[in-house]
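**Q** In terms of the working numbering, the sequence shown is residues 219 to 336. All C-beta atoms in this analysis are idealised placements derived from N, C-alpha and C, irrespective of residue type, glycine included. I have a structure here, written as structure tokens, and I will follow up with some questions on it.
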Amino acid sequence: MLKDTILKFLKLDGLVNNLNDYVETRLELLKYEIREDVAQALAKASIFLVLMLLAGLVVVFLSVAAALLLSIYVGSAAGFAIISGVYLLVIIIIVLTRNRLTHTIEEDIKKHLKKKTS
């Protein structure tokens, strides 16, 4: 009651109402922007997931083809063992460099997010 009287006396009640409306409008705008960003991120993630699935299938089929080709020259099981060894080597390299890879990927994501916000 006293607060309302003081605000009316100082003619600040309209200013306070406008400020409240402004804050509410900004919050609504922020909600819509967040929804839009989430929808965009989910769409990109979905496409990325499909592409990775297809790329995985390509790698599997190319690996089998390479193993079959090698098996002609070095023997049936040896061709598949060589291809498996190549994948094992790739896994070992990734495990040994995982901290550096993680840091690099993290920095790239941060740069991308900074670009998006500015």
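#1: Within 10 angstroms of its Cβ, does Ile301 collect 16 or more other Cβ (buried), or is it exposed?
#2: Apply the 10 Å Cβ neighbour rule to Ala261 and answer buried if 16 or more other Cβ atoms are within range, or exposed otherwise.
#3: For the alpha helix (DSSP H) containing Gly293, name the first residue and the last one.
#4: Could you work out which residue in Phe298, Val234 and Tyr250 is closest to Leu287 when comparing CA atoms only?
#5: Cβ atoms of Leu319 and Ile312: under 8 Å apart, would you say?
#6: Taking only three categories from DSSP, how would you classify Thr243?
#7: Helix, strand or coil for Thr315? Go by DSSP, reduced to three states.
#8: Would you decide whether Ala285 is buried or exposed? Buried here means 16 or more other CB atoms lie within 10 Å of its CB.
**A** In this structure, then:
#1: Counting Cβ neighbours within 10 Å, Ile301 comes out buried, since at least 16 surround it.
#2: That one is exposed.
#3: Unbroken run through Gly293: none, as it is neither H nor E.
#4: The option with the nearest alpha carbon to Leu287 is Phe298.
#5: Contact: yes.
#6: When DSSP states are grouped into helix, strand and coil, Thr243 belongs to the helix group.
#7: In the structure shown, Thr315 falls within a coil segment according to DSSP collapsed to helix, strand and coil.
#8: Ala285 should be labelled buried.
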